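*Asks:* Here it is, the structure in full.
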Amino acid sequence: MGILDAFKKKKDDKNSNPLDPQNMGFMQRMAMKKLEKMSPDEREKLMKKVMTPDNIQKNKADILKTLEAMKKSGQMNDHQIFEAKKRLGLL
């Protein structure tokens, strides 16, 4: 590795795994570690509690606002937002 290698532009790997800790932000890594430490039963119970249709409808405005903010910041494109809304039943 030469001295100029430090200044090279990093390659954007299209096939990078989003679950790889190297591709996550600090808070995402912390949340992932906490989820990994949970027992499978506890993890399933948490997901059922969070992703209930009533809970999604109750927080619909916040979810939509967050999705729009992610679109404006370039974190998600239109197709990803459409898929997220479809999966959450927000269409």
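By my numbering, the letter at position 1 of the sequence shown is numbered 123, and the numbering carries on one by one without gaps. Note that beta-carbon positions come from the ideal geometry of N, C-alpha and C, so glycine has one too. Being a predicted model, the structure only gives us computed values, none of them experimental.
1) What number of angstroms, rounded off, separates the C-alpha of residue 205 from the C-alpha of residue 145?
2) If you reduce the DSSP assignment to three classes, tell me which class residue 181 lands in.
3) With a threshold of 16 other CB atoms inside 10 Å of the CB of residue 168, please say whether the residue is buried or exposed.
4) Please confirm whether residue 184 has its beta-carbon closer than 8 Å to some beta-carbon of chain B.
5) Does the distance from the CB of residue 212 to the CB of residue 185 come in under 8 Å?
6) Start and end of the alpha helix (DSSP H) containing residue 162?
7) Can the beta-carbon of residue 165 be found less than 8 Å from the beta-carbon of residue 157?
*Replies:* Taking the structure as given:
1) Along the sequence shown, one-based indexing puts residue 205 at 83. Along the sequence shown, one-based indexing puts residue 145 at 23. So the alpha carbons of these two residues sit roughly 22 Å apart.
2) Sequence index remark: in the sequence shown, residue 181 carries index 59 (1-based). Three-state result, residue 181: coil.
3) Working through the sequence shown from its first residue, we reach residue 168 at position 46. Burial call: exposed.
4) Among the chains in the structure shown there is no chain B, since it carries only a single protein chain.
5) Reading the sequence shown from its first residue, position 90 is the one you call residue 212. Reading the sequence shown from its first residue, position 63 is the one you call residue 185. Result yes, Cβ atoms of residue 212 and residue 185 sit closer than 8 Å.
6) Numbered from its first residue, the sequence shown carries residue 162 at position 40. Taken as a continuous stretch (DSSP letters only), the alpha helix (DSSP H) holding residue 162 covers 162-172.
7) Residue numbering aside, residue 165 sits at position 43 when the sequence shown is read from its first letter. Residue numbering aside, residue 157 sits at position 35 when the sequence shown is read from its first letter. It is a contact, given that the beta carbons lie within the stated cut-off.
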